[in-house]
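So the structure is just underneath, and the comments pick up after that.
In the numbering used here, the protein residues as written are 1378 to 1516.
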(Lines of atoms letter the chains of each structure in order from A and count residues from 1; the text may use other names and numbers.)
(Lines give C-alpha, C1' and ligand atoms only; values in the text may rest on other atoms or scores of the structure.)
Protein backbone atom coordinates (compact mmCIF):
# COMPACT_ATOMS: atom_id res chain seq x y z
CA UNK A 1 0.00 0.00 0.00
CA UNK A 2 0.99 3.63 -0.49
CA UNK A 3 0.22 6.50 1.87
CA UNK A 4 -0.94 9.84 0.51
CA UNK A 5 -1.77 12.58 3.02
CA UNK A 6 -2.89 10.03 5.58
CA UNK A 7 -5.00 8.06 3.07
CA UNK A 8 -4.02 4.46 2.43
CA UNK A 9 -4.11 3.61 -1.27
CA UNK A 10 -3.62 0.13 -2.68
CA UNK A 11 -0.41 -0.55 -4.56
CA UNK A 12 -0.82 -1.34 -8.21
CA UNK A 13 1.21 -2.57 -11.09
CA UNK A 14 1.37 -0.10 -13.97
CA UNK A 15 1.34 -0.91 -17.65
CA UNK A 16 4.12 -2.79 -19.42
CA UNK A 17 5.45 -0.34 -22.01
CA UNK A 18 8.01 -2.63 -23.64
CA UNK A 19 8.78 -6.36 -23.52
CA UNK A 20 11.38 -7.89 -25.81
CA UNK A 21 14.20 -10.37 -26.11
CA UNK A 22 17.54 -8.55 -26.02
CA UNK A 23 19.75 -11.65 -26.28
CA UNK A 24 19.22 -15.33 -27.04
CA UNK A 25 18.58 -15.95 -23.32
CA UNK A 26 17.39 -12.54 -22.02
CA UNK A 27 14.09 -10.64 -21.89
CA UNK A 28 13.67 -7.07 -20.65
CA UNK A 29 10.32 -5.62 -19.56
CA UNK A 30 9.81 -1.89 -18.97
CA UNK A 31 6.94 -0.32 -17.01
CA UNK A 32 5.30 3.10 -16.96
CA UNK A 33 5.78 3.36 -13.19
CA UNK A 34 7.71 1.67 -10.40
CA UNK A 35 6.53 -1.88 -9.71
CA UNK A 36 5.95 -2.70 -6.02
CA UNK A 37 8.47 -5.04 -4.41
CA UNK A 38 5.61 -7.40 -3.56
CA UNK A 39 4.79 -8.02 -7.22
CA UNK A 40 5.32 -11.46 -8.75
CA UNK A 41 6.61 -12.06 -12.28
CA UNK A 42 6.27 -15.08 -14.56
CA UNK A 43 7.40 -15.57 -18.11
CA UNK A 44 5.71 -18.46 -19.88
CA UNK A 45 5.79 -20.15 -23.26
CA UNK A 46 2.76 -22.35 -23.95
CA UNK A 47 1.77 -22.19 -20.28
CA UNK A 48 5.23 -23.45 -19.20
CA UNK A 49 7.02 -21.15 -16.74
CA UNK A 50 10.52 -20.38 -17.95
CA UNK A 51 13.38 -21.12 -15.56
CA UNK A 52 15.81 -18.29 -14.88
CA UNK A 53 16.69 -15.26 -12.80
CA UNK A 54 14.91 -11.89 -12.51
CA UNK A 55 16.84 -8.70 -11.74
CA UNK A 56 15.00 -5.45 -11.07
CA UNK A 57 16.38 -2.01 -11.89
CA UNK A 58 17.02 0.28 -8.93
CA UNK A 59 13.93 2.39 -9.72
CA UNK A 60 11.86 -0.81 -10.27
CA UNK A 61 10.69 0.43 -13.68
CA UNK A 62 12.30 -2.47 -15.53
CA UNK A 63 13.11 -6.11 -14.95
CA UNK A 64 15.66 -8.26 -16.77
CA UNK A 65 15.06 -11.98 -17.02
CA UNK A 66 17.99 -14.25 -17.86
CA UNK A 67 16.99 -17.81 -18.70
CA UNK A 68 19.07 -20.90 -17.96
CA UNK A 69 18.98 -21.84 -21.68
CA UNK A 70 18.48 -19.94 -24.94
CA UNK A 71 14.88 -19.29 -25.90
CA UNK A 72 13.30 -21.43 -28.57
CA UNK A 73 11.14 -19.98 -31.33
CA UNK A 74 7.66 -18.95 -30.23
CA UNK A 75 5.47 -16.56 -28.25
CA UNK A 76 6.39 -15.65 -24.67
CA UNK A 77 4.05 -13.96 -22.20
CA UNK A 78 5.13 -11.98 -19.15
CA UNK A 79 2.61 -11.67 -16.33
CA UNK A 80 3.14 -9.25 -13.45
CA UNK A 81 0.75 -9.34 -10.51
CA UNK A 82 0.70 -7.46 -7.24
CA UNK A 83 -1.41 -8.90 -4.43
CA UNK A 84 -5.07 -9.19 -5.40
CA UNK A 85 -4.69 -6.68 -8.23
CA UNK A 86 -5.38 -7.39 -11.85
CA UNK A 87 -2.34 -8.86 -13.57
CA UNK A 88 -0.70 -7.00 -16.44
CA UNK A 89 0.65 -8.96 -19.38
CA UNK A 90 2.65 -8.46 -22.56
CA UNK A 91 3.75 -10.78 -25.35
CA UNK A 92 7.06 -11.05 -27.20
CA UNK A 93 7.96 -13.22 -30.17
CA UNK A 94 11.24 -15.07 -30.51
CA UNK A 95 12.32 -16.09 -33.99
CA UNK A 96 15.08 -18.36 -35.21
CA UNK A 97 18.35 -16.55 -35.72
CA UNK A 98 19.05 -15.43 -39.25
CA UNK A 99 22.18 -14.30 -41.01
CA UNK A 100 21.21 -10.86 -42.28
CA UNK A 101 24.48 -9.95 -43.93
CA UNK A 102 27.80 -11.47 -44.89
CA UNK A 103 30.62 -9.06 -45.63
CA UNK A 104 33.63 -10.17 -47.63
CA UNK A 105 36.46 -8.15 -46.20
CA UNK A 106 38.81 -8.78 -49.09
CA UNK A 107 38.46 -9.82 -52.69
CA UNK A 108 41.91 -11.35 -52.78
CA UNK A 109 42.55 -15.07 -52.70
CA UNK A 110 45.45 -16.75 -51.01
CA UNK A 111 46.95 -17.42 -54.42
CA UNK A 112 45.85 -17.73 -58.01
CA UNK A 113 45.13 -21.23 -59.12
CA UNK A 114 43.64 -22.35 -62.36
CA UNK A 115 40.74 -24.72 -62.07
CA UNK A 116 40.99 -27.80 -64.22
CA UNK A 117 38.08 -29.69 -65.63
CA UNK A 118 38.87 -33.29 -64.63
CA UNK A 119 37.08 -34.68 -67.70
CA UNK A 120 38.96 -32.67 -70.29
CA UNK A 121 42.09 -31.70 -68.34
CA UNK A 122 41.63 -28.10 -69.50
CA UNK A 123 41.48 -24.89 -67.51
CA UNK A 124 38.00 -23.52 -66.73
CA UNK A 125 36.86 -20.08 -65.64
CA UNK A 126 36.55 -19.45 -61.91
CA UNK A 127 32.76 -19.21 -61.80
CA UNK A 128 31.97 -20.60 -58.37
CA UNK A 129 33.09 -19.77 -54.88
CA UNK A 130 32.19 -21.29 -51.54
CA UNK A 131 31.98 -19.31 -48.33
CA UNK A 132 31.94 -21.05 -44.99
CA UNK A 133 30.78 -19.21 -41.91
CA UNK A 134 29.64 -19.86 -38.36
CA UNK A 135 26.98 -18.14 -36.26
CA UNK A 136 27.77 -17.74 -32.59
CA UNK A 137 25.77 -16.50 -29.61
CA UNK A 138 28.13 -14.46 -27.53
CA UNK A 139 26.95 -13.49 -24.06
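Every residue, glycine too, gets a C-beta built ideally from N, C-alpha and C.
- Thinking C-alpha only, which one of 1428, 1412, 1433, 1414 is nearest residue 1453? As a first step, residue 1453 must be located in the chain shown, where it is residue number 76. Considering only alpha carbons, the answer is 1428.
- Which residue comes first and which comes last in the beta strand (DSSP E) that contains residue 1474? By 1-based counting over the chain shown, the position of residue 1474 is 97. Counting along the chain, no beta strand (DSSP E) covers residue 1474, and no H or E run does either.
- Label residue 1390 either buried or exposed according to how many other C-beta atoms from any shown protein chain fall within 10 Å of its C-beta, with 16 as the threshold for buried. In the chain shown, the residue the question calls residue 1390 occupies position 13. With 16 or more other Cβ atoms within 10 Å, it is buried.
- Message: Tell me the rounded alpha-carbon separation between residue 1417 and residue 1448.
- Response: Within the chain shown, numbered from 1, the residue matching residue 1417 stands at position 40. Within the chain shown, numbered from 1, the residue matching residue 1448 stands at position 71. Cα-Cα distance, rounded: 21 Å.
- Could you give the C-beta distance for residue 1419 and residue 1456, rounded to a whole number, given that I count them as a contact under 8 Å? Translated into the one-based positions of the chain shown, residue 1419 becomes position 42. Translated into the one-based positions of the chain shown, residue 1456 becomes position 79. 5 Å between Cβ atoms; contact.
- Grab the span of the beta strand (DSSP E) containing residue 1463 for me, first residue to last. Within the chain shown, the letter at position 86 stands for residue 1463. No beta strand (DSSP E) contains residue 1463, which DSSP labels as neither H nor E.
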